[in-house]
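For the record, the sequence lines run as chains A and B.
This note's numbering puts the first residue of the first sequence at 26, with every later residue one more than the last.
This note's numbering puts the first residue of the second sequence at 149, with every later residue one more than the last.
Glycine residues also receive a C-beta, built at the ideal position from the N, C-alpha and C atoms.
These notes concern the structure reproduced below.
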Amino acid sequence: EAGVAQSPRYKIIEKRQSVAFWCNPISGHATLYWYQQILGQGPKLLIQFQNNGVVDDSQLPKDRFSAERLKGVDSTLKIQPAKLEDSAVYLCASSLGWRVYGYTFGSGTRLTVV
Amino acid sequence: ILNVEQSPQSLHVQEGDSTNFTCSFPSSNFYALHWYRWETAKSPEALFVMTLNGDEKKKGRISATLNTKEGYSYLYIKGSQPEDSATYLCAFIGRGSTLGRLYFGRGTQLTVWP
């Protein structure tokens, strides 16, 4: 089974620039999550989709972050404009049944804002 | 905000040593606990999904126990090998409106020296 695909792997941008990350979950996984992991902290949920609907975006800084899930498959996460404190690893995960199998994560995008 | 604590923050052991780490979480509203292993430059990988008080799970040389009444889980690695070097994350899932959302600890970074 193919894993969760994410791109790019690394991105360096200047503050106030825009950036977008892409995620392709495992086929058939209805639930998709974006997590942010700042160095030294545990991953924190930004947004959860069920098919193409948003289930939970309470932790998403909506003044600068946006996310969408097209046709219930791929998802993009955008930051506009970026701040220094957005430097982090952005992880995408999908799940067939987290009660039994847990989440399947992508390898993440490491963002550095300078 | 839910508090999930992991200790120690980092651990260095010799090949062949056995080791264990702790994850503590809120004992009220418990639904599930996940353990993940995250090797550098790879995706976090699900190790265990634990739901019942007294659960014990095993995968090769790695095992985990769960005490939901006192709010802790232990992860044990028997006879550590260099390939066990990784960050081990635990994540709590509570009942209610955030069902399915993982609340992560900061992780325990394990280094096994040959």
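Is Leu250 of chain B helix, strand or coil by DSSP? For the purposes of this step, residue 250 of chain B is identified with residue 102 of the second sequence, where counting begins at 1. DSSP places Leu250 of chain B in coil when its eight states are reduced to three.
Report the residues of the stretch 183 to 196 of chain B with a CB closer than 9 Å to any CB of chain A, ordered along the chain. Trp183, Tyr184, Trp186, Ala189, Lys190, Ser191, Pro192, Glu193, Ala194, Leu195 and Phe196
Determine whether the Cβ of Ser43 of chain A lies closer than 8 Å to any Cβ atom of chain B. By 1-based counting over the first sequence, the position of residue 43 of chain A is 18. Closer than 8 Å: no.
From the DSSP secondary-structure annotation, give me the bridge partner or partners of Phe169 of chain B. The sequence position of residue 169 of chain B within the second sequence is 21, counting from 1. Bridge partners of Phe169 of chain B: B:Leu223.
Give me, in chain order, the residues of the same chain whose beta-carbon lies closer than 6 Å to that of Thr199 of chain B; leave out the 5 immediate sequence neighbours on both sides. Position 51 of the second sequence, counted from the start, is the residue given in the question as residue 199 of chain B. Closer than 6 Å at Cβ, skipping near neighbours: Ala180.
Report yes if the CB atom of Leu71 of chain A is closer than 8 Å to the CB atom of Leu85 of chain A, and no otherwise. Stepping through the first sequence from its first residue, residue 71 of chain A is reached at position 46. Stepping through the first sequence from its first residue, residue 85 of chain A is reached at position 60. Against a cut-off of 8 Å, the Cβ pair of Leu85 of chain A and Leu71 of chain A comes out as a contact.
Hey, how far is the Cα of Thr101 of chain A from the Cα of Asp165 of chain B? To locate residue 101 of chain A, count along the first sequence from 1; it is residue 76. To locate residue 165 of chain B, count along the second sequence from 1; it is residue 17. Rounded to whole angstroms, Thr101 of chain A to Asp165 of chain B spans 43 Å at the Cα level.
Per DSSP, what are the beta-bridge partners of Gln31 of chain A in this structure? Looking up residue 31 of chain A in the first sequence gives position 6. DSSP, once it has assigned bridges, lists A:Cys48 as partnering Gln31 of chain A.
Classify Tyr35 of chain A as buried or exposed, calling it buried when 16 or more other Cβ atoms lie within 10 Å of its own Cβ. As a working note, residue 35 of chain A is residue 10 in the first sequence. By the neighbour-count rule (16 or more Cβ atoms within 10 Å), Tyr35 of chain A is not buried but exposed.
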